[in-house]
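Participant: Sharing a structure, written as C-alpha cells. Questions coming.
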Amino acid sequence: MSLWEYANPVRFMRLSDRVLPAVSVLAVVGLAIGLVWGFFFTPDDYKQGATVKIIFLHVPSAMMAINIWGMMLVTSLVWLVRRHHVSALAAKAAAPIGLTMTLIALFTGAIWGEPMWGTYWAWDPRLTSFMILFVFYLGYIALWAAIEDPDTAGDLTSILCLVGSVFALLSRYAVNFWSQGLHQGASLSLDKAQHVDNAFYIPLLFSIAGFILLFVALVLLRTRTEIRLRRISALLTRERQA
Amino acid sequence: MDLKVSDLGCRRGEDLILSGVSFGVKAGRALILRGPNGSGKTTLLRNLVGLSRRPSGAVNASTDLMAYAAHADGIKSQLTVEENLRFWAQVFGTNDIDAAVEHFSLEPLLRRHAQHLSAGQKRRLGLSRLLLTGRPIWMLDEPTVSLDVENVKIFAEMIENHLATGGIAVIATHVDLGLKNADILEISQFRPRHDEQQNPFLDGAFS
Amino acid sequence: MDLKVSDLGCRRGEDLILSGVSFGVKAGRALILRGPNGSGKTTLLRNLVGLSRRPSGAVNASTDLMAYAAHADGIKSQLTVEENLRFWAQVFGTNDIDAAVEHFSLEPLLRRHAQHLSAGQKRRLGLSRLLLTGRPIWMLDEPTVSLDVENVKIFAEMIENHLATGGIAVIATHVDLGLKNADILEISQFRPRHDEQQNPFLDGAFS
Amino acid sequence: MRALLTRDLALALRSGGGFGLSLAFFLIVTMFVPFGVGPSSATLSLIAPGILWIGALLACLLSLDRIFQLDYEDGTLDLLVTSPLPMEGVVAMKALAHWLTTGLPLTLAAPLFGFLLNLPSGGYLWIFLSLLVGTPALSFLGAFGAAITVGLKRGGLLLSLLVLPLYIPTLIFGTQTVVLAAKGLDNQTAFMMLAALSLLTFALIPFAAAFAVRVNLR
Amino acid sequence: MRALLTRDLALALRSGGGFGLSLAFFLIVTMFVPFGVGPSSATLSLIAPGILWIGALLACLLSLDRIFQLDYEDGTLDLLVTSPLPMEGVVAMKALAHWLTTGLPLTLAAPLFGFLLNLPSGGYLWIFLSLLVGTPALSFLGAFGAAITVGLKRGGLLLSLLVLPLYIPTLIFGTQTVVLAAKGLDNQTAFMMLAALSLLTFALIPFAAAFAVRVNLR
Ligand code: HEM
Ligand SMILES: Nc1ncnc2c1ncn2[C@@H]1O[C@H](COP(=O)(O)OP(=O)(O)OP(=O)(O)O)[C@@H](O)[C@H]1O
Ligand SMILES: Nc1ncnc2c1ncn2[C@@H]1O[C@H](COP(=O)(O)OP(=O)(O)OP(=O)(O)O)[C@@H](O)[C@H]1O
Ligand SMILES: [Mg+2]
Ligand SMILES: [Mg+2]
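If you read the protein sequences in the order shown, they are chains A, B, C, D and E.
In my numbering, each number is its position in the first sequence, counted from 1, plus 4.
In my numbering, each number is its position in the second sequence, counted from 1, plus 82.
In my numbering, each number is its position in the third sequence, counted from 1, plus 82.
In my numbering, each number is its position in the fourth sequence, counted from 1, plus 46.
In my numbering, each number is its position in the fifth sequence, counted from 1, plus 46.
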C-alpha cells in the first residue's frame, strides 16, 4: 500500500477523522504547557525583564510562518505532478493559517520591538522579509479566491507557489544585501542551545511543538471542509444534470 | 487520412458534458454536429483541437493537423484586413494570402482597419483564415453566423473545395449548408448518464 | 403608435453609409431589414435608437420608446442569469422578471453564472431582456444568431406576442423568421449616390 | 440608479477587484519605497506624507480603466445609453462605486501604513482626513479619463497620461495638508482648498464624462 | 515568431500604447515626487535612484495586462495555441515586445529624468545600465503574471498584487547598483546579481507562463 492512497478524498476523510481528535488534544496540551510554563514559571530576564516572555509566541509563530509556505510548496508540487486533489486542497487550506502565523509573528515582534529597540517598526531585513512573505501569502490567497474552477485554480496557484518560492528566497538575500539589521540572529539551533537559557529553552520547545500540532489540526480540519465543499458542488452538478 | 474518435469524454469545469463520443469521418467528407443550444457542440470541438484536458477516450489525429474557427474570430481591430491575413499566413508558414482574399472577395476591404468592418465582413475575414492554415482537418463552430445568403453559398463552396482535396470538416451549425458529402451527427445522444460523472468527490463513504 | 422615418442619412465615421432612408411601420407590425453584408443594417438601427449622430432626416418616435438588442448582449459574465435580469428590470423600472424567465425557459439556468452559458443560452438571456424594457418599439440586430431551430420558433412567438399588443419590431436578419405581420425592406436601395457624400472637405475650391 | 451601484460593487467584489486588492497594492507600493530609497527612518519620515498620497493615487489609477471598459466591450454601455437612466447619473454612480472599492479602503488603512513609513505623529489624523476628502475627487476625475478613452483598446497608459495631470492640484493640497500638520503648522487653507476642489469635481465631471461617453459610442 | 513580434509592436504603436506613452507616464511619476515630498534638492538627490526605478517599474506594470488580455478576449490566443508556434516562444516574444515598447524607452530616457531629480553625477551611467539589464526581467515576470490572470475580468489589481512581490529582488539590486555607484562605492556584486536574476528569469518564466496560459484556456 502506498502513501498516495491517502490522497484519495474518501481515504483521507476516513483517516483524518480518526487522527484529528488526537492531534487537537495534543496541540492544546502542548500549547498549554508551553505557554503557561513560559508565562508564569520562568524568571524575568536580567536585561529584558518580563518582555522576554513574548518569545513563546513570537518564535514558534515565526517558524511556522516560514515552514507552512514550505509545506504549500511541497503539496503544490504533488498536485502538479500526481494530480491528487487532496494535495491541492491542503495547500489551499494551509495558506490562511500561514498568513495568520505571519501576522502573529509581525505583531508580537512589533510589540517586542518597542521595549527592545525603541520602535515598533524598523526596516530590518528579517522584519522586511516577513512583510514580503505576508504579501506572497496575500497574493496566493487572492488568486485562489479569484478563480472559480477549482482545478484551474489549483494549477495556477501551484505554479505561482513554485515561482513565488524562488523569488521569495531571492528577496531574502536581496533584503540582506540592502540593509544591516537590528534583529536577533538564529539562536535556536539545537547544537547552540547555550544562546537561550535552559529555563526558557524547554518551555519554548513545548510551545513550538504546540504550534506545530495546532497547525496540523487546523490543516486537517480545513482540508476536510474544502473536501466537503467540493463534494457539495459535485452533488449539485449531478442534480442539475439529472 | 481519416479522423476517428472513440469513447471521448468532454468536461467543462467540473461538469462532464459529453461521454462516449465515438465517430469517424472519412477523408473528403464533412460531419455536421447537430444538437440544441447547450448540448455540447462547442465543448466537443474545443476538446478535439486540444484546448481542454482530455479526461478519457482517443482521437487518432494529432492536433497539428487541425484548424479551428470559433465564435470569436481572433481578428485584431487595429490592423488592416491585409495585415490580419498576413500575420496568420506567417504563423502557419504559408506565405500566400491571395487564395484566401480571392475566395471571399476581400480585395476591396484589404486596406480597411478590421475595426471598421460589419459583422458579416468580419466573419468572412475570419473564415478566409482557414485557407491560410494549410491544415487538412477543419473544426468549425457556427461558421455562418452573420453571413448573408450569398456568402453562405460561397462558404459552402469553400468547404466543398476543401473536401475535394481530401480534407475533412467537422462543423457545428444550426443552419442547413446544403453540402453534398456530409453526414450528420446528433450530439444529444452523448449526454452522460447520471452515474457517469466520475468525480472523485462523489465516491461513497462520506457518511 | 406608428413609427415613421423620413429621409434619414446615416454615417459611420466619416462615410455616409445610407441616405434617403424613408419607411413607416404601423403599430402591430414588424419590419424586416434585408441586405447583404455591409449594406448598413447595423448602422441604421444604431442611428434609430440614438447611438449615433443624426446628420439629416426625421424619426417621429422618441428614443425613449425604443429597446435595442445588438450583436453584443451586454451580459455580465460574473453575475448569475437571475442577477443579470434583475439588474435590467430595475434599470427599466419593471421589477418583474418572471415573464422573461418563463418565455425562454431560463428557469433551470437562473443560478448559473453567465460565464458558463453556451452561445445560444447567452443569446436567449439577451433576448429575454427585451421583455423587461416594457418599451413598444424593438430594434433587433440579428437576434437569432446562435439559436437552434426550437429557440428561433420561441423567439418568433415572442415577436408575435409583442406585435399583438400593438408593439412594433424592426429586425435586421439574414434568416427567415416566418412572421405573419411582417414587411420586408431591402436596404441596399438606400446606398447613397456618389455625389451625396456631404463632407465639408469635399466642397469645390480645391481645384 | 441604486441597481447600477449595487451591480458595480458586486462585479468588483466577484472578480478579484475587491476592497482587499487595492489595499494590498497600496501596501506593496509603500513597501517599495524603502527598498528604493533605503531603510533610514529619518529619510522615510520626511517623505512619508507624499508617498502615502502618491501610493493612494496610483492604487486608484490602476483600477480606473475598469470603470467603463468592460461595459463598453460587452455592449452594456450601448444598452445603458438607450435606457431611461440619465448618463450623468450613470457616470456619478460608477465613480462612486469606484471610490467605495478603492478610495475608501485606502483612506481607512492609510494611518496604519503611515506607521510603517515613520509618519510624524501629528500626521495621522490629517492623512486620514485629507484622503477622505480628496480620494472621491480622484475617482471622479478618473471616471472622466476613463470615459474619454473608453473606445480605445490598450487605452491604459493613455488614460494615466490624461488623468495624472488632472490629479496634480489634489495631490498638492492633499500632501500640504498633511505636511503642514506634521510640522505643527496651520493647514486650514490647504484643507479647505482640497475640499473645494472635490466639490467642484462632483459638480462638473459627471456632465463632461457623460458627454465623452456619448461621443465615444457613436 | 518574428511575425508575432512585429504584430505586437504594430498593435502597441497603433493604439495609444506606443513608446511615447510609457515615457510620458514615467515623466509624470517623476514629476509627482517633488510635488509629494517637497522640492528640496538634497532630499531629491537622496531618493532619486529609488524613485527612478520605482517609476520605471510602475510604468511597466501599467501596460502588463495588455500582454495577453486582448488576445484572449478576441479569440486570438485560442488560435495561437492551436497554431504551430510553441507557446513558450509566444510568451517570450510577447514579453520581448512589451520590453521594446516600455522598458527600452524608459532605459534610454532615465538619465534625463535623473537630471530632473538631481541624481548624483556618479549615478547616470549606472541608472542606464541597471535599467537596461533589469527591465527585461520586469517584462518577463509581468508576462507570467499576465498569463496567470488572463482568464479573469478586471484582473488588473490582482495582477499587480501577484507581480509586484516578484519584482522585489530586481528592484533592490537595481537601486543598490545605482546607490552604491552614486556614493562611489563598489557596486559589482549588486550589478552581477541583477544580471544573474534577469538570466534566471528568461530561462524559467516562459515555461511557467506557457503552462499558465494553457491552463487558463481550457
Ligand atoms: C515585527 C517584528 C519582528 C519580526 C517580523 C520578527 C521575525 C522573526 C523571525 C522571522 C524569526 C525567525 C524564526 C526562525 O527562523 O526560526 C524570529 C526569531 C526571533 N526573534 Fe523576531 N521578529 C520581530 C521582532 C523581534 C524583536 C523586537 C525581538 C526582540 C529583541 C525579536 C527576537 C527574536 C528572537 C530572540 C528570535 C529567536 C531567534 C532564532 O532562534 O532564530 N524579534 N523573529
Ligand atoms: N465554463 C463552463 N463551466 C461549466 N459549464 C459550462 C461552461 N461553459 C459551458 N457550460 C455548459 O456546458 C454545456 C455545453 O455548452 P456548449 O457551449 O458546448 O454548447 P453548444 O452545443 O455549443 O451550444 P450552442 O449551440 O448554444 O453554442 C451547456 O449546458 C453550458 O451551460
Ligand atoms: N466604424 C466604421 N467606420 C467606417 N465604416 C464602417 C464602420 N463600421 C462599419 N463600417 C462600414 O459601414 C458599412 C455598413 O456596416 P454595417 O455594420 O451597418 O453593415 P450590416 O448591414 O450590419 O452588415 P452585416 O450583415 O455584415 O452585419 C460596411 O461597409 C462597413 O464596412
Ligand atoms: Mg456553441
Ligand atoms: Mg450588422
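C-beta: ideal position from N, C-alpha, C; glycine also.
(1) List in chain order: all unbroken beta strand (DSSP E) runs of 3+ residues lying wholly within the stretch 207 to 262 of chain D.
(2) State the Cα-Cα distance for the pair E:LEU92 and E:LEU163, rounded to the nearest angstrom.
(3) Can you give me the Cβ contacts of D:LEU243 inside the same chain, cut-off strictly under 7 angstroms, excluding the 5 residues immediately before and after it?
(4) Rounding to the nearest angstrom, what Cα-Cα distance links E:ARG112 and C:GLU189 in this structure?
(5) For my contact list, C:ASN142 and C:LEU85 are in at a C-beta cut-off of 8 angstroms; report their separation, rounded to the angstrom.
(6) If we define contact as Cβ-Cβ less than 8 angstroms, is A:LYS196 a contact residue for chain B?
(7) Excluding the 5 residues flanking B:GLY249 on each side, which residues of the same chain have their C-beta closer than 8 angstroms to its C-beta?
(8) Taking only heavy atoms of ligand 4 into account, decide whether any of them is closer than 7 angstroms to the Cβ of B:LYS123.
(9) Under 8 angstroms between beta-carbons, which chain B residues line up against E:ARG53? List them in chain order, please.
(10) So, using beta-carbon positions, are A:LEU35 and A:GLY214 closer together than 8 angstroms?
(11) For D:THR181, count neighbouring C-beta atoms within 10 Å of its own C-beta (all shown protein chains included) and say buried if the count is 16 or more, exposed if not.
(12) Checking contacts by CB at 8 angstroms: is B:ALA287 closer than that to chain A?
(13) By Cβ distance, which residues of its chain are closer than 7 angstroms to E:TYR170, with the 5 residues on each side in sequence left out?
(14) Looking at B:ASN119 and ligand 7, is the gap between the Cβ and the nearest heavy atom below 7 angstroms?
(15) Between the stretch 122 to 141 of chain E and chain B, which residues of the former have a C-beta closer than 9 angstroms to a C-beta of the latter?
(16) Is the distance from the Cβ of E:LEU123 to the Cβ of E:LEU246 below 8 angstroms?
(17) Run through chain C and tell me which residues come within less than 7 angstroms of D:ALA49, C-beta to C-beta.
(18) Would you mind sorting D:VAL261 into buried or exposed? The rule is 16 or more other CB atoms within 10 Å of its CB.
(19) At what residues does the alpha helix (DSSP H) containing C:TYR291 begin and finish?
(20) Buried or exposed: C:HIS276, going by 16 or more other Cβ atoms within 10 Å of its Cβ?
(21) Hey, would you say E:TRP265 sits closer than 8 angstroms to D:GLY82, going by beta carbons?
(22) Whose CA, out of E:MET239, E:ALA141 and E:ARG53, lies closest to the CA of E:ALA193?
(23) For E:LEU152 versus E:ALA105, is the C-beta distance shorter than 8 angstroms?
(24) Compare the beta carbon distance of B:LEU192 and B:THR162 with 8 angstroms and say whether it is the shorter of the two.
(25) How far does the beta strand (DSSP E) with B:PHE105 in it reach, from first residue to last?
(26) Between the Cα of A:PRO13 and the Cα atoms of A:ARG234, A:LEU240 and A:ARG242, which residue gives the shortest distance?
(27) Please confirm whether C:ALA251 and C:SER228 have their CB atoms less than 8 angstroms apart.
(28) Quick check on D:ASP120: buried or exposed, where buried means 16 or more other Cβ atoms within 10 Å of its Cβ?
(29) So the candidates are C:ALA182, C:GLY102 and C:ALA140; which of them puts its Cα closest to the Cα of C:ASN243?
(30) Between E:ALA255, E:GLY66, E:ALA70 and E:THR89, which has its C-alpha nearest E:LEU165's C-alpha?
(31) Is there at least one Cβ from chain A nearer than 8 angstroms to D:ILE173's Cβ?
(32) Any idea if C:ASN177 is buried or exposed, counting beta-carbon neighbours within 10 angstroms, 16 or more meaning buried?
(33) Cα-Cα, which of A:SER80, A:ARG87 and A:HIS187 is closest to A:GLY122?
(34) So, using beta-carbon positions, are B:PHE169 and E:ALA256 closer together than 8 angstroms?
(35) Quick one: what's got a C-beta closer than 7 angstroms to A:ASP195's C-beta in the same chain, skipping five residues either side?
(36) Output needed in chain order: residues of the stretch 103 to 136 of chain C with a Cβ under 7 angstroms from some Cβ in chain D.
Facilitator: So, to answer that:
(1) Within the stretch 207 to 262 of chain D, no complete beta strand (DSSP E) run reaches 3 residues.
(2) So the alpha carbons of these two residues sit roughly 9 angstroms apart.
(3) So the qualifying residues of the chain are ALA183, PRO215, THR216 and PHE219.
(4) The straight-line gap separating the alpha-carbon atoms of E:ARG112 and C:GLU189 is approximately 37 angstroms.
(5) About 7 angstroms; that satisfies the 8 angstroms criterion.
(6) Legend: pLDDT at A:LYS196 = 41, less than 50; position of this residue unreliable, no value from coordinates given.
(7) If we look at B:GLY249 and ignore the five residues flanking it on each side, its Cβ neighbours are ALA109, GLY110, PRO218, ILE219 and TRP220.
(8) For ligand 4, at least one heavy atom lies less than 7 angstroms from the Cβ of B:LYS123.
(9) What E:ARG53 touches in chain B, judged by beta-carbon distance under 8 angstroms, is LYS158, LEU161, GLU165 and PHE169, going in chain order.
(10) A:GLY214 is positioned such that its CB atom lies closer than 8 angstroms to that of A:LEU35.
(11) Under this definition D:THR181 is a buried residue.
(12) Residue placement at B:ALA287 is flagged as unreliable, the pLDDT there being 49, under the threshold of 50; the coordinate-derived value follows with that caveat. Chain A contact via Cβ: present.
(13) Same-chain partners within the cutoff: PRO157 and GLY160.
(14) You won't find ligand 7 in this model; what it holds is ligand 1, ligand 2, ligand 3, ligand 4 and ligand 5.
(15) Against chain B - using a Cβ distance shorter than 9 angstroms - the residues of the stretch 122 to 141 of chain E are THR122, LEU123, ASP124, LEU125, LEU126, VAL127, THR128, SER129, PRO130 and LEU131.
(16) Between E:LEU123 and E:LEU246, the gap from beta carbon to beta carbon reaches 8 angstroms or more.
(17) Contact note: D:ALA49 reaches chain C through PHE169, GLN172 and VAL173, using a C-beta cutoff of 7 angstroms and chain order.
(18) It is exposed - the Cβ of D:VAL261 has fewer than 16 other Cβ atoms within 10 Å.
(19) With chain C covering only 83 through 289, there is no way to say anything about residue 291 of chain C.
(20) So C:HIS276 ends up on the exposed side.
(21) Nothing can be reported for residue 265 of chain E: it is not among the residues displayed for chain E, which extend from 47 to 264.
(22) Comparing Cα-Cα distances from E:ALA193 to each of E:MET239, E:ALA141 and E:ARG53, the minimum goes to E:ALA141.
(23) Between E:LEU152 and E:ALA105, the CB-CB gap stays under 8 angstroms.
(24) It is a contact, given that the beta carbons lie within the stated cut-off.
(25) Taken as a continuous stretch (DSSP letters only), the beta strand (DSSP E) holding B:PHE105 covers 97 to 107.
(26) It is A:ARG234.
(27) In this structure, the beta-carbon distance from C:ALA251 to C:SER228 does not fall below 8 angstroms.
(28) Classification of D:ASP120: buried, given that the 10 Å Cβ count is 16 or more.
(29) Ranking C:ALA182, C:GLY102 and C:ALA140 by Cα distance to C:ASN243 puts C:ALA182 first.
(30) Selected option, being the one with the closest Cα: E:THR89.
(31) So, not an interface residue.
(32) C:ASN177 comes out exposed.
(33) Checked all of A:SER80, A:ARG87 and A:HIS187; the closest Cα to A:GLY122 is A:HIS187.
(34) Taking 8 angstroms as the cut-off, the Cβ atoms of B:PHE169 and E:ALA256 do not count as close.
(35) Per-residue confidence for A:ASP195 stands at a pLDDT of 41, beneath the threshold of 50, marking its modelled position as unreliable; no derived number is given.
(36) Using a CB distance below 7 angstroms, the part of the stretch 103 to 136 of chain C facing chain D consists of VAL131, GLY132, LEU133, SER134 and ARG135, ordered along the chain.
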